[in-house]
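J.: To start, I am sharing the structure in question, which I have written as structure tokens.
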Amino acid sequence: MNKINFQTINSQNKFNPNKVDFYSLKNKNKICDLDISTFNTYEAKYTTLQRTTLVEFLKDKLPNNLIQYNKKVNKVSSQNEIIDLTFEGNSSAECDFLIISDGVFSSTKSLIANKDIKPKYFKSLAIRATIDQKNLKHINNSNISLFLGSNFHSVIYPVNKGNEFNFIGILRKNLSENEIKNSSLFKDENFISSILLDLSHQIDQNILNNLKNIKCFPIFTSEEIYHPKQKNIFLIGDAFFALPPTFAQGASQAIEVAFELYKNFQNGSNEFTNTRIKRTKIINKKSKLNHFAFHLSNPFMVFTRDLLMKYLVKNKKFINSYLGKVYKN
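Structure follows, in structure tokens:
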């Protein structure tokens, strides 16, 4: 990111936490902490910031007329290594390379695969909100706070130096097919209130009462990796493979993949997709393991997990193996 002057973002609009503090939602005690500053260098540090701040920074680096909005691809064809795109409204374009990055419900991926590829509901809901520092008690506001509960975990972290924090919660939740398809359900105040009521049995009431800008949405993940046959078509981001959101890797992975693809073009290499498949499989396994471990409810398993965590977070060899392959390589 520093290659495009990420360091020039106003220091007040970002934050550099040093640790992740793990807490038990059941007994409200701190389990352990993980020093993430070990992955930092002088120029590159683990950074948290608002999504809007990051998006605006990236958009400002592009020419004003480069992005065309409200364009839907209806057809993709290729001949002699030239790709023809037909958009809704019958406008068209030719390109040498096609990079598909239209999200977890990528319609363009289905077009090039000649089949309907749909993600699978991960049997979990995400709750996203903001909260002011003054409403946070008994945590270190300079760190990331990760709370482990029964079939639920949440994370609270600073996004700037203006005392604003993000709240993200992941709740296991079975939904019917009709509920999953009903996108308006997740904006319904009664539904959101019912979810907050579920959380009130685990989360500090002071936190729940002071959450702002609350949004709720179902989590979808990919079932398999699709590898395009055409060598000049690439998928990145959730269009390539949607991962469970339990490794704090969403934005960083998307940016990393885009940079890898750029280097692939620069070096004339053909290893991008194979390398990305291997790395995605590693992160997917670890994300699912995290989701399982963070949501334990059996008292004996919770006790065992907490003991293991206290040991493993101080084991440099394990940390470099488990996290280093995600945040370093």
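Residue numbers (our numbering): 98 to 426.
In this text, a Cβ means the ideal position worked out from N, Cα and C, and glycines have one as well.
Could you give the DSSP three-state label for Asn310: helix, strand or coil?
T.: It is a strand residue.
J.: Under 8 Å: do the segment 311-325 and the segment 273-289 share three or more Cβ pairs, one atom per stretch?
T.: At 8 Å Cβ cutoff, the stretches touch.
J.: If you compare alpha carbons, which of Asp118, Arg269, Ile300, Ser189 is closest to Ser134?
T.: The candidate whose alpha carbon is nearest that of Ser134 is Asp118.
J.: Among Tyr218, Leu245, Asn329, Lys328, which one has its Cα closest to the Cα of Asn275?
T.: When only C-alpha atoms are compared, the closest one is Tyr218.
J.: If you count every other CB in all the chains shown that lies within 10 Å of the CB of Ile128, and 16 or more means buried, which is it?
T.: Ile128 is buried by the Cβ-count criterion.
J.: Whole angstroms are fine: how far does the CA of Glu153 sit from the CA of Glu357?
T.: Taking the straight line joining both Cα atoms gives about 22 Å.
J.: Check whether the segment 292-311 and the segment 223-233 are in contact - that is, three or more C-beta pairs closer than 8 Å.
T.: Touching, yes.
J.: Going by Cα to Cα distance, which pick from Lys414, Phe262, Asn248 is closest to Leu393?
T.: Among Lys414, Phe262, Asn248, the Cα nearest to that of Leu393 is on Asn248.
J.: Report the residue ranges of all alpha helix (DSSP H) runs contained in full by the segment 344-396; include only those spanning at least 4 residues, in chain order.
T.: Counting whole runs of 4 or more residues, the segment 344-396 contains the alpha helix (DSSP H) stretches 347-364, 369-391.
J.: Mind checking whether Thr318 and Leu296 have CB atoms under 8 Å apart?
T.: For Thr318 and Leu296, no; Cβs fall outside 8 Å.
J.: Put Tyr218 into one of helix, strand or coil per three-state DSSP.
T.: In this structure, Tyr218 counts as strand in the three-state DSSP scheme.
J.: Rank Lys111, Thr401, Val410 by C-alpha distance to the C-alpha of Tyr254 and give the top, closest one.
T.: Tyr254 has its Cα closest to that of Lys111, out of Lys111, Thr401, Val410.
J.: Entirely within the segment 103-173 and at least 4 residues each: give me those alpha helix (DSSP H) ranges in chain order.
T.: 148-157, all fully within the segment 103-173.
J.: Would you identify the three-state DSSP class for Leu420, choosing helix, strand or coil?
T.: Leu420 falls in the coil class under three-state DSSP.
J.: So Ile209 is in the alpha helix (DSSP H); what residue range does that whole segment cover?
T.: Looking at the DSSP string, the run of the alpha helix (DSSP H) that includes Ile209 is 204-210.
J.: Return the chain-ordered list of same chain residues with a C-beta closer than 8 Å to the C-beta of Glu320, the five sequence neighbours on each side being excluded.
T.: For Glu320, where only same-chain residues beyond five positions count, the Cβ hits under 8 Å are Pro216, Lys217.
J.: In whole angstroms, what separates the C-alpha of Phe337 from that of Asn395?
T.: Their Cα atoms are separated by approximately 35 Å.
J.: Check whether the segment 168-188 touches the segment 139-155, taking contact to mean three or more Cβ pairs, one atom from each stretch, closer than 8 Å.
T.: Contact fails: fewer than three Cβ-Cβ distances are below 8 Å.
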